[in-house]
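Asks:
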Amino acid sequence: MARLVVRRLLAALPILAGVLTLVFVLVEAAPGDPGAILLGERPVPPEVRERIVAAYGLDRPPVERYVRWLGAVALRGELGWSISRGRPVARVLRDALPATLLLAGAALLVHLAAGTALGVATARWRGRWPDRALGVLSLALYSMPAFWVGLMAILSLSLGLGLFPPGSTHSVGADAFGPLERAADLAWHLALPAGILGLTSAAALGRFVRSGVLAALGEEFIRGARARGAGGGRILLGHALRNALLPAITLVGLSLPLLVSGSLVTEVVFAWPGMGRLAYEAILSRDVPVVLAATLLSSLLVVVGNVAADLALAAADPRIRMGRPRGAP
Amino acid sequence: MRLRGRLLGAGFLAAAVGTALLAPLLGLRDPAAQPDGLVLRDLPPLARVDAVRLAGGGLRYAHEVRAEPDGSVSLRRGERWERVPPSSLAGPVPAAWHARPLFPLGTDGYGRDLLSRLLYGARVSLLVSLLAALLSVTVGAATGLAAGLLGGVADSVLMRLADVFLSVPRLFLLLLLVALYGPSLAGTVLVLAATSWMAAARLVRAEILSLRERDFVRAAEAAGASRARVALLHLLPGAAAPLLVEGTLRVANTLLLESSLSFLGLGVPPPSPSWGNLIADGRDALLDAWWIATLPGLAIAATVLAVNAVGEGLRDRFDPRTADKS
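As they're listed, the protein sequences go chains A and B.
When the letters of the first sequence are read in order and numbered with numbering that gives the first Met the number 0, they come out as residues 0 to 328.
When the letters of the second sequence are read in order and numbered with numbering that gives the first Met the number 0, they come out as residues 0 to 325.
1. Can the beta-carbon of Trp-147/A be found less than 8 Å from the beta-carbon of Gly-296/B?
2. Name the one or two DSSP bridge partners that Thr-115/A has.
3. Is DSSP giving Leu-101/A helix, strand or coil here?
4. For Ala-315/A, count neighbouring Cβ atoms within 10 angstroms of its own Cβ and tell me buried if that reaches 16, exposed if not.
5. Apart from the five residues on each side of it in sequence, which residues of its chain come closer than 7 Å, Cβ to Cβ, to Pro-328/A?
6. So with Cβ pairs under 8 Å, would you call Thr-294/A a contact of chain B?
7. I want to see whether chain B comes within less than 8 Å of Ala-29/A, judged by CB atoms only; does it?
8. Any residues in the segment 152–171 of chain A with a beta carbon nearer than 8 Å to a beta carbon of chain B? Which ones, in chain order?
9. With distances taken from CA atoms, which of Leu-111/A, Met-143/A, Ala-292/A, Arg-131/A is nearest Leu-332/A?
10. Compare the C-alpha of Thr-168/A against each of Gly-56/A, Leu-100/A, Val-301/A and name the closest.
11. What does DSSP give as the partner residue(s) for Ser-81/A in the beta ladder?
12. On the premise that Phe-317/B lies in contact with Thr-294/A, defined as a C-beta separation below 8 Å, what is that separation, rounded to the nearest angstrom?
13. Which value, in whole angstroms, describes the spacing of the CA atoms of Trp-274/B and Phe-215/B?
14. Report the residue ranges of all alpha helix (DSSP H) runs contained in full by the segment 233–319 of chain A; include only those spanning at least 4 residues, in chain order.
15. Phe-146/A touches chain B at which residues, Cβ-Cβ below 7 Å?
16. Assign Val-66/A to one of two classes, buried (16 or more other C-beta atoms within 10 Å of its C-beta) or exposed (fewer than that).
17. For Ala-298/B, which option in Ile-278/B, Leu-285/B, Gly-26/B has the closest C-alpha, if you only look at C-alpha atoms?
18. Quick check on Phe-220/A: buried or exposed, where buried means 16 or more other Cβ atoms within 10 Å of its Cβ?
19. Return helix, strand or coil for Thr-194/B, following the three-state DSSP convention.
20. For Val-83/B versus Arg-59/B, is the C-beta distance shorter than 8 Å?
21. Please classify Ala-192/B: is it buried, with 16 or more other beta-carbons within 10 angstroms of its beta-carbon, or exposed?
22. Output needed for Gly-119/B: all residues of its chain with C-beta closer than 6 Å, excluding positions within five of it in sequence on either side, in chain order.
23. Counting pairs of beta carbons, one from the segment 179–198 of chain A and one from the segment 115–127 of chain A, are three or more of them closer than 8 Å?
24. Note down, in chain order, every chain A residue with its Cβ under 9 Å from the Cβ of Asn-307/B.
25. Can you give me the C-alpha to C-alpha distance between Leu-179/B and Gly-143/B, rounded to a whole angstrom?
26. Measuring CB to CB, does Val-18/A end up less than 8 Å from Ser-166/B?
27. What separation, rounded to the nearest whole angstrom, lies between the Cα atoms of Arg-325/A and Arg-318/A?
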């Protein structure tokens, strides 16, 4: 298992290097000189501009800059200076990261729970009305833009019924709360954005689990379990679902980028102070270094999440853990 | 049930594309015109307002109109009353000068007609998604074809490139591209395609690899067909069905992404009324005028649902291997 962990981590490195290279090439290919991108449209005297350009090494040939930038970002974690906030980008991002991790993590949990429940329920009542109703409902949610569902939820549940706060991570005066109250307050603020992000993406997982459960239900081992006297619930959850969940882990790894992308607009809609909203505000103030760093960090999240999904799959499936290809006897 | 859903989807889509194409012929109000910011502001769906037909052919909107004994008309706009003399009216009897124009879907905060904005928005949103999906499938097919045919280093490089693109969350990548290159209509199409070609590339490559060693391809090669001829006439058609399905589902996906991008103000630049822009307009007036953000969202959801239904129908018809068997 340890060897597998190392191997997967090593395999992720070229991807990360590729992301860094891609971002560098995109910035290089952008119209306008790098100094202009760095400084935006601020009125800066030419001699100051020249000094800044020299200080950042922007007058160097691209290859040299690429190597230096790679070293700075990958080895020392230096991401540059946020002009709009007057602070190092790394620090700005570090402040925003926990909120994004919390939102995306909670959304992932909702996604998993809802997707699995949806898949099992529609498989259990296949062809009957719960299957159809849930199928239509999940497909409808899947077809709606998550940010719009967020707006509608704010309109009806927050502003209309007052059930949830319309945005932000905490109530006014939350600093005075005790730790438990604080956690409850946070969960209350988290419920809408995480719930919507998780639910709008659950349909794909639900379908996958459904067909997995249905396929497993037709297998010999299910007949065996039934012959040994196992009950319907035990067969459905203990045998069929267990087999259907294995391949679903891979799908979860694939839907991570979707969740991280979705968290961006969701953060904007719910005024959630995470990385996505940070990147969005940075764009509005032409603060390219922040957008760039947020893009890199979001990719890192996805790559790490994919490695984690692979390892989880290996931990759950002895065939992979032992290094034998899937499907081999 | 399924077939009915798909026919419904196809029908809706045909109607949507038809109305979008014919929008200029439907006698709609100008989607960008702001004829009266005072009276027509934030009208709810199905609203009718009072108006006076003027002799020149135009309309003067009002909160209240009153016929005066001398043949002139008084109209109230906000707190103020103003008087229109008989000579400026389109006719003497109320039937001639009085109008009650209908705003089927209401208006926005600038008094722009939402029905025409929604239909003209369909032109923008559908055009962008169709073009982006077409471009994405074309680029993806070319990449996959190159990777599958060239093999070796080129194959590894191209496929690792696809892995890299798949590892960057698309919205962040789109944001970065817009930050660097600036928002524009053509740019939106380009960046949407540039961030979505990977699925088609993988699909075509897999198809090429499985077809390349088949007898009919060998036979074509033995008969002296050039590499390009084999690739385009013998290999690519094998991938046509899955590509068609991928392209269709890509339209739905792109429609959603375009709306996100436009909602953030980074997609199709206003005043083009793309559906995402319409929702962005409505966000600020959510409490006062819920319909402005609600209606375009419903349009997006219905269209995405329809496109997905059609895509799945196509998959079951042309690509039964991957079809959902349940």
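Just so it is clear, CB atoms sit at the ideal spot from N, CA and C, and this is done for glycine as well.
Replies: Taking the definition as stated:
1. Contact: yes.
2. Thr-115/A pairs with nothing; no bridge assigned.
3. helix
4. Result: exposed.
5. Legend: pLDDT at Pro-328/A = 43, less than 50; position of this residue unreliable, no value from coordinates given.
6. yes
7. yes
8. Ile-153, Leu-154, Leu-158
9. This structure cannot settle anything about residue 332/A, because the visible part of chain A is limited to 0 through 328.
10. Closest option to Thr-168/A, judged by alpha-carbon separation, among Gly-56/A, Leu-100/A, Val-301/A: Leu-100/A.
11. The secondary-structure analysis by DSSP pairs Ser-81/A across a beta bridge with Arg-86/A.
12. Rounded to the nearest angstrom, the Cβ distance from Thr-294/A to Phe-317/B is 37 Å, too far for a contact under 8 Å.
13. 48 Å
14. 241–268, 274–283, 287–315
15. Ser-259, Phe-262
16. exposed
17. Distances from the alpha-carbon of Ala-298/B to those of Ile-278/B, Leu-285/B, Gly-26/B put Ile-278/B closest.
18. exposed
19. coil
20. yes
21. buried
22. Sequence inspection shows Tyr at residue 119/B; the Gly mentioned does not correspond to that position. Within the same chain, Tyr-119/B has close Cβ partners Ala-22, Pro-30, Pro-272.
23. no
24. Leu-138, Tyr-141, Ser-142
25. 28 Å
26. In this structure, Val-18/A places its C-beta atom within 8 Å of the C-beta atom of Ser-166/B.
27. A caution first: Arg-325/A carries a pLDDT of 48, below 50, which makes its placement in the model unreliable, though a value can still be read off. Between Arg-325/A and Arg-318/A, the C-alpha separation is close to 6 Å.
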